[in-house]
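Enquirer:
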Amino acid sequence: MVDVFRALDDETRRLVLDELSARDGQTLFEICSVLTMRHGLSLTRQAISQHLGVLESAGLVDTERRGRSKFHYFNPEPLAEITGRWPTRKRTEQ
Amino acid sequence: MKIALTSLFVDDQRAALAFYTQVLGFTKRHDIPLGDNFWLTVVSPDSPDGPELLLEPSGHPAVKPYRDALAEDGIPLAQFTVDDIEAEHARLTGKGVVFTQPPTDIGTAVVAVFDDTCGNLIQLIEMKPAEKRTDAR
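Heads up: the protein sequence lines correspond to chains A and B, in order. If you read the first sequence in our numbering, its first letter stands for residue 162, the second for the next number, and so on. If you read the second sequence in our numbering, its first letter stands for residue 544, the second for the next number, and so on.
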């Protein structure tokens, strides 16, 4: 189990979440091509697969098999831990 | 040296011929009995003398694990070029074809991936005209 803070402490993993929140339910192949072509990242498929593993372990990504392929979905629920710990509130004047 | 033929493994050659001709729109080029199987090729109707796609039987034991692993990760085994990917996506979806990836802008092109019902994922690509390309690299 990876905590949400560590999972977010990486630009590539944040880009993966950006892309999944833009279009949910992508295969590894699609995530790799989008990271390479839209963001100019030159990571191996294995490296991206490992990043997805970290996100999945932190509960930020869920996977689902449909047909013969595996699809990745963004799950924002663990992010509530952050706002729960540091809730936003109006600054009160002293 | 020229690339005149490339091949895909298919689960059932007759079903594959139907899909590749009736659904995708290719033309049968060769259909020669070869033991229990066929030397079965299709071509693009607008280049009948162009590259042939061999629809090869998938009986070899290495084929299943190879294709299963690639399909799980969504990796296509062939790529076909189209003029209008949105129109092809709509046309094929209307015929019941399942896409694992809808048309996706990747800067220099728009790509999509579908299941050919014969065991393979296939990528479609529409190249963008030079003035419309956005390249991250």
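Backbone N, C-alpha and C define an ideal beta-carbon position, used for all residues, glycine too.
Kindly list, in the order they appear in chain A, the residues whose Cβ is closer than 7 Å to that of B/Ile628.
Expert: Residues of chain A passing the Cβ test: none, with the nearest at roughly 14 Å.
Enquirer: Closer than 9 Å by beta-carbon distance: list the chain B residues that pair up with A/Thr224, in chain order.
Expert: None at all; the shortest Cβ gap to chain B is about 10 Å.
Enquirer: Between A/Arg229 and chain B, is there a C-beta pair that is closer than 7 Å?
Expert: Taking Cβ atoms only, chain B reaches closer than 7 Å to A/Arg229, which makes this a yes.
Enquirer: Please confirm whether B/Thr564 and B/Val586 have their CB atoms less than 7 Å apart.
Expert: It is not a contact, given that the beta carbons lie outside the stated cut-off.
Enquirer: To the nearest angstrom, how far is the alpha carbon of B/Leu667 from that of B/Ala630?
Expert: Their backbone Cα atoms lie some 12 Å apart in a straight line.
Enquirer: Let me make sure I understand the geometry here. Which of A/Ala183, A/Leu176, A/Ala168 and A/Val165 has the alpha-carbon closest to that of B/Thr647?
Expert: With distances taken between Cα atoms, B/Thr647 lies closest to A/Ala183.
Enquirer: Return the Cβ separation of A/Val215 and A/Arg175 in integer angstroms, given the expectation that the two are a contact with Cβ distance under 8 Å.
Expert: The Cβ separation is near 12 Å, so there is no contact.
Enquirer: For B/Ala547, does the three-state DSSP call read helix, strand or coil?
Expert: Looking at B/Ala547 - three-state DSSP - the assignment turns out to be coil, as it is neither helix nor strand.
Enquirer: Would you please state the rounded distance, in angstroms, between the beta carbons of A/Ser194 and B/Ile649? I believe it to be under 8 Å.
Expert: Indeed they touch by this definition, with Cβ atoms about 6 Å apart.
Enquirer: In this structure, does DSSP put B/Pro594 in helix, strand or coil?
Expert: Looking at B/Pro594 - three-state DSSP - the assignment turns out to be coil, as it is neither helix nor strand.
Enquirer: Can you tell me where the alpha helix (DSSP H) with B/Leu613 in it begins and where it stops?
Expert: Unbroken alpha helix (DSSP H) run through B/Leu613: Val606 to Glu615.
Enquirer: Helix, strand or coil: how does DSSP classify B/Asp574 here?
Expert: In this structure, B/Asp574 counts as strand in the three-state DSSP scheme.
Enquirer: For the pair the region 655-669 of chain B and the region 635-642 of chain B, tell me if three or more CB-CB distances fall below 8 Å.
Expert: Yes, since at least three Cβ pairs between the region 655-669 of chain B and the region 635-642 of chain B fall closer than 8 Å, the two stretches touch.
Enquirer: What are the residues in the region 607-640 of chain B lying within 8 Å of chain D by C-beta distance?
Expert: Absence of chain D from the displayed structure is noted, the protein chains being A and B.
Enquirer: Show which residues of chain B have a CB atom less than 7 Å away from the CB atom of A/Thr188.
Expert: Result: Asp616, Gly617, Thr643 and Gln644.
Enquirer: How is B/His603 classed by DSSP in three states: helix, strand or coil?
Expert: If DSSP states are grouped into helix, strand and coil, B/His603 belongs with coil.
Enquirer: Just to confirm before moving on: does the CB-CB distance between A/Ala168 and A/Ala241 stay below 7 Å?
Expert: Their beta carbons are not under 7 Å apart, which means A/Ala168 does not touch A/Ala241 by this criterion.
Enquirer: So which residues on chain A does B/Asp658 lean against when the C-beta distance must stay under 9 Å?
Expert: Simply Gly228, Arg229 and Ser230.
Enquirer: I need the boundaries of the alpha helix (DSSP H) containing A/Ser199, first residue and last residue.
Expert: Position check: residue 199 of chain A holds Arg in this sequence, whereas Ser was assumed. Residues Leu189 to His200.
Enquirer: In three-state DSSP terms, what is A/Leu204?
Expert: Three-state DSSP puts A/Leu204 in coil, outside helix and strand.
Enquirer: Just to confirm before moving on: does the CB-CB distance between B/Leu620 and B/Asn663 stay below 7 Å?
Expert: A contact, by the Cβ cut-off of 7 Å.
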